[in-house]
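**Q** Just add 69 to the spot in the sequence shown (first one is 1) and you have my numbering. Quick reminder that beta carbons are idealized off the backbone N, C-alpha and C, glycines included.
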Amino acid sequence: MLYRSPAGFCAEYAKAHRDPVTDATGDTVELDEVAVVSETPDSARVVASLFHHGHAPDAGYYDVFERVAFVLVKRGDGWHLDSEEHLGYDS
């Protein structure tokens, strides 16, 4: 997908994840934040933080933050998503 800028990617990501989602196991995921953490003229790194909370029958109640990093690269027609990396969970 093509983006006008790294900030435009953040806006689209926030729009796509604005509503909490609960799966069949009861895990609810909400977007905490998404931000450009570094930018050069031809690349950018964006990090999103997703808040997971719910109840697991074998573990009880939980709440953790999942971090995901995205690398965007600039080409002649705009900014493109180049890669996505899951950075793990923080409590």
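Are the CB atoms of Y82 and G147 within a distance shorter than 8 Å?
**A** no
**Q** According to DSSP, simplified to helix, strand and coil, what is G95?
**A** coil
**Q** From Y130, P110, S107, L156, pick the residue whose C-alpha is nearest to that of D96; which is it?
**A** Y130
**Q** Quick one: Cα of V142 to Cα of P126, how far?
**A** 43 Å
**Q** Checking the sheet assignment: what are the DSSP bridge partners for F167?
**A** Because the chain is modelled from 70 through 160, residue 167 falls outside the range shown and cannot be assessed.
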